[in-house]
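Trainee: Residues in the sequence shown are numbered consecutively from 1, following the UniProt record's numbering.
Just so you know, even glycine gets a beta-carbon here, dropped at the ideal spot from N, CA and C.
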Amino acid sequence: MSGLPSADSSERARAHRLGRQLRALREAHGLTRPELASAAGVPLRTLSRLETEGVAQPGLFTVAALARALEVTVDELVAAAGPVPGLWSTGYEGRTIDSFVAALVEAGVDAVADVRLTPISRKPGFSKSRLSAALAEADISYLHLRSLGNPKDNRAPFWDGRVGEGLAAFADVMAAEPARRELEELAELAVERSVAVLCFEQDERRCHRQAVLAELHQRTALSVAALA
C-alpha cells in the first residue's frame, strides 16, 4: 500500500473546497470578484488566490469578512466547504486522463483508491506514476491497494459472464489478512473523505471492485455512486 493521504494533501483539498464554495456563493449573489472584494474589504488578489489556488490556512479575519459579505456565518461557510464522506465506483475504460481527473474534481472526490493488482496500463496517463502525478495536480490523493487487486487467473469469469464464480474466488482474497487490513484502512478513510475506488472496467458488473465496494458499504453504511 502506498499510504493514506497525508495531512498536507488533506489541507490542500480543504483549501480548494473552500475556494469552490466561495466562488459558488459569490456567483449565487450575482457578484463579481472585485465587487465581493470591495464589499468584504479584502484585497482582490487575496480573494483571487482563495478562489483559484486554494490557501491552506487563510486568515480568520479574511474568512469572517467574506462570510459577512456573503450573508453566511463563518461556521456555515467552513462547514459547507468541508469534506463529504462517500464512495464512488469508477473505471478508466474509454476515458482520457484529462476527462477522468475532471470528472473526479466535478464529483468532489478527495482520494482515489486503485485496486488493480498491478497499476500499469497501455492507456496513456493511467500507470501508477503518471496517474498519481495527474491526481496530485488536482489535489486528489492516490493510494494503491495491491492486496485488493484481482489475481490474473480470476479475471476471465468477470469478463465472460461467470461473475458469481469470480466473486466466490475473490472472496478468498478479501479474507486474507493483507486485504482485510487494507479494507479497514479504506473504510476509515471513506467515513472522512470522498473516495473513488478505481479499476479498469467502466462497467462495475464486469469488475471485482464491486466486491470491495459491497464490503465497504457494509462496514460504513455509505452509499456507492458511479462516477459519470
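Would you report the Cα separation of residue 184 and residue 95, rounded to the nearest angstrom?
Mentor: Here residue 184 refers to the residue found at position 184 of the sequence shown. Here residue 95 refers to the residue found at position 95 of the sequence shown. Roughly 29 Å separates the two Cα atoms.
Trainee: Suppose only complete runs of 4+ residues qualify. What are the alpha helix (DSSP H) ranges in the segment 140–167, listed by chain order?
Mentor: Qualifying alpha helix (DSSP H) stretches, in chain order: 156–159.
Trainee: Give a yes or no on contact between the segment 205–216 and the segment 161–177, applying the rule of three or more CB pairs nearer than 8 Å.
Mentor: The segment 205–216, when compared against the segment 161–177, does touch it at the 8 Å Cβ threshold.
Trainee: Give the straight-line distance between the Cα atoms of residue 25 and residue 70, rounded to the nearest whole angstrom.
Mentor: Mapped onto the sequence shown, residue 25 falls at position 25. Mapped onto the sequence shown, residue 70 falls at position 70. As the crow flies, the alpha-carbon of residue 25 is around 7 Å from that of residue 70.
Trainee: Which residue from 192, 42, 225 puts its Cα closest to that of residue 204?
Mentor: Position 204 of the sequence shown, counted from the first residue, corresponds to residue 204. Of 192, 42, 225, the residue nearest in Cα terms is 225.
Trainee: If we require 4 or more residues per run, which alpha helix (DSSP H) segments fall completely within the segment 46–113?
Mentor: 60–69, 74–80, 97–107
Trainee: Within the chosen definition, does the segment 117–130 reach the segment 158–166 through at least 3 CB pairs nearer than 8 Å?
Mentor: Under the 8 Å Cβ criterion, the segment 117–130 does not count as touching the segment 158–166, having fewer than three qualifying pairs.
Trainee: Should the segment 63–78 be regarded as contacting the segment 93–113, the criterion being three or more beta carbon pairs within less than 8 Å?
Mentor: Segments in contact, no.
Trainee: Tell me whether the beta-carbon of residue 138 lies closer than 8 Å to the beta-carbon of residue 105.
Mentor: For the purposes of this step, residue 138 is identified with residue 138 of the sequence shown, where counting begins at 1. For the purposes of this step, residue 105 is identified with residue 105 of the sequence shown, where counting begins at 1. Residue 138 is a Cβ neighbour of residue 105, given a cutoff of 8 Å.
Trainee: For residue 222, which residues in the same chain have their Cβ closer than 8 Å to its Cβ, ignoring the five residues on either side in sequence?
Mentor: In the sequence shown, counting from the first residue as 1, residue 222 sits at position 222. Here residue 222 has 85, 86, 87, 190, 191, 216 as same chain residues with Cβ atoms under 8 Å from its own Cβ, once five neighbours each way along the sequence are excluded.
Trainee: Considering only residues of the same chain and omitting the five flanking positions on each side of residue 52, which have a CB-CB separation below 8 Å?
Mentor: Within the sequence shown, numbered from 1, the residue matching residue 52 stands at position 52. Cβ within range, chain order: 19.
Trainee: Out of 180, 167, 123, state which residue places its alpha-carbon closest to the alpha-carbon of residue 147.
Mentor: As a first step, residue 147 must be located in the sequence shown, where it is residue number 147. Minimum Cα distance to residue 147 is reached at 180.
Trainee: Buried or exposed: which applies to residue 118, given that a residue is buried once 16 or more other Cβ atoms fall within 10 Å of its Cβ?
Mentor: The residue you call residue 118 lines up with position 118 of the sequence shown. Answer is exposed; the Cβ neighbour count stays below 16.
Trainee: Tell me whether residue 22 sits in a helix, a strand or coil according to DSSP, three-state version.
Mentor: Within the sequence shown, the letter at position 22 stands for residue 22. Looking at residue 22 - three-state DSSP - the assignment turns out to be helix.
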